[in-house]
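Numbering (my numbering), first residue to last: 18 to 302.
As structure tokens, then:
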């Protein structure tokens, strides 16, 4: 049974990430492990998975997000021009851009992190937690991981024992919690940011390329945590399985408008020849 589980885990990793450029080296490593594996030598896996579990303090009411006539310009160049869409409270929305600049610009605009023209209106019952692609400003100081995270804890959670245990589940054990945040690796920073999001207990998660910098184990844990999240997610990603297993709403962005696909999985979106023809036309220079 252990042998079969080990082989299945390796096969799943290889199948999922071999086509992902940023993860191909790790997938290749897993493939070599699979090729070389001797069944009699299989031992329990030493790979560690962080515990990621998002919960919201309150449910979203009738309205999530309305965007009307949104235009974003960066350094004088128009990135998004006069786009509009509405998100529903039960939406898990994947943003698909012609390029990463467009998806990041939209996410920064709806989070008030960049100037824009038009209207962005969040529902009055919503609370947003944001995982930016560039988190350098969040970790510019020299405080420890423990003290950095403490600022997002409630009074009941502002306890060293609780926070150490919380960080331990995110794979920061022992004295690692005293490491300055400005020396963390890319993957460590994302795990700390995810810890923040869990403590905030918002009912809308806004995630810009959340799997960037994460190893395969952390990606799997994040994927599972988001699948179990009962409220809304707005995200951009290059991970096919991530989008397929999470999204029920696809918004395709371009400089000149959007294609808005509701109640459709990513695979259904990709396999719809009529829709893909519209995407091609929309993205035509």
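Using N, Cα and C, we set each Cβ at its ideal position, and we do this for glycine too.
CB of residue i within 8 angstroms of CB of residue j, strictly
i           : j           : result
residue 88  : residue 147 : no
residue 74  : residue 244 : no
residue 161 : residue 197 : yes
residue 68  : residue 186 : yes
residue 82  : residue 140 : yes
residue 216 : residue 170 : yes
residue 334 : residue 298 : The shown model of the chain, from 18 to 302, leaves out residue 334, and the question about it has no answer.
residue 118 : residue 96  : yes
When the options are compared against residue i, the one with the closest alpha-carbon
i           : options              : result
residue 120 : 98, 138, 141 and 139 : 98
residue 282 : 65, 100 and 110      : 110
residue 259 : 288, 248 and 241     : 241
residue 269 : 156, 116 and 126     : 116
residue 135 : 153, 202, 29 and 100 : 100
residue 214 : 199, 168 and 201     : 168
residue 80  : 130, 108 and 206     : 108
residue 153 : 200, 238 and 280     : 200
residue 280 : 271, 266 and 288     : 266
residue 143 : 150, 178 and 104     : 104
residue 180 : 209, 204 and 96      : 209
residue 64  : 264, 246 and 238     : 238
Separation of residue j from residue i, as counted between CA atoms
i           : j           : result
residue 191 : residue 184 : 9 angstroms
residue 221 : residue 189 : 26 angstroms
residue 227 : residue 261 : 15 angstroms
residue 306 : residue 277 : Because the chain is modelled from 18 through 302, residue 306 falls outside the range shown and cannot be assessed.
residue 290 : residue 296 : 10 angstroms
residue 102 : residue 128 : 15 angstroms
residue 123 : residue 273 : 13 angstroms
residue 285 : residue 158 : 45 angstroms
residue 57  : residue 46  : With a pLDDT of 45 at residue 57, under the threshold of 50, the modelled position of this residue cannot be trusted; read the value that follows with caution. When rounded, the distance between both Cα atoms is 20 angstroms.
residue 271 : residue 137 : 18 angstroms
residue 59  : residue 182 : Bear in mind that a pLDDT of 46 at residue 59, under 50, signals an unreliable position, so the number given afterwards is only what the model happens to contain. So the alpha carbons of these two residues sit roughly 31 angstroms apart.
residue 150 : residue 66  : 22 angstroms
residue 195 : residue 207 : 17 angstroms
residue 165 : residue 302 : 45 angstroms
residue 93  : residue 178 : 50 angstroms
residue 202 : residue 29  : 26 angstroms
residue 275 : residue 193 : 45 angstroms
residue 204 : residue 236 : 10 angstroms
residue 125 : residue 257 : 23 angstroms
residue 156 : residue 163 : 13 angstroms
residue 84  : residue 131 : 15 angstroms
residue 246 : residue 300 : 32 angstroms
residue 288 : residue 263 : 17 angstroms
Limits of the unbroken beta strand (DSSP E) element including residue i
i           : result
residue 103 : 94-104
residue 86  : 82-91
residue 209 : That residue, residue 209, is in no beta strand (DSSP E); its alpha helix (DSSP H) goes 203-217.
residue 136 : 134-139
residue 267 : 266-271
residue 145 : 145-148
residue 259 : Taken as a continuous stretch (DSSP letters only), residue 259 belongs to no beta strand (DSSP E), being part of the alpha helix (DSSP H) at 257-263.
residue 198 : Careful: residue 198 lies outside any beta strand (DSSP E) and carries neither H nor E.
residue 69  : Neither: residue 69 is in no beta strand (DSSP E) and is coded neither H nor E.
residue 277 : 274-279
residue 77  : Where residue 77 is concerned, there is no enclosing beta strand (DSSP E), given that its DSSP letter is neither H nor E.
Below-8 angstroms beta-carbon distance, residue i vs any chain D residue
i          : result
residue 92 : In the structure shown, chain D does not exist; there is a single protein chain.
Endpoints, the alpha helix (DSSP H) within which residue i is located
i           : result
residue 288 : 283-288
residue 238 : 233-244
residue 110 : Not the alpha helix (DSSP H): residue 110 falls in the beta strand (DSSP E), residues 109-113.
residue 181 : 177-186
residue 119 : 117-127
residue 167 : 162-167
For the pair the segment 242-253 and the segment 163-176, tell me if three or more CB-CB distances fall below 8 angstroms. no
Can we say the segment 227-237 touches the segment 80-96, given the rule of at least three CB pairs closer than 8 angstroms? no
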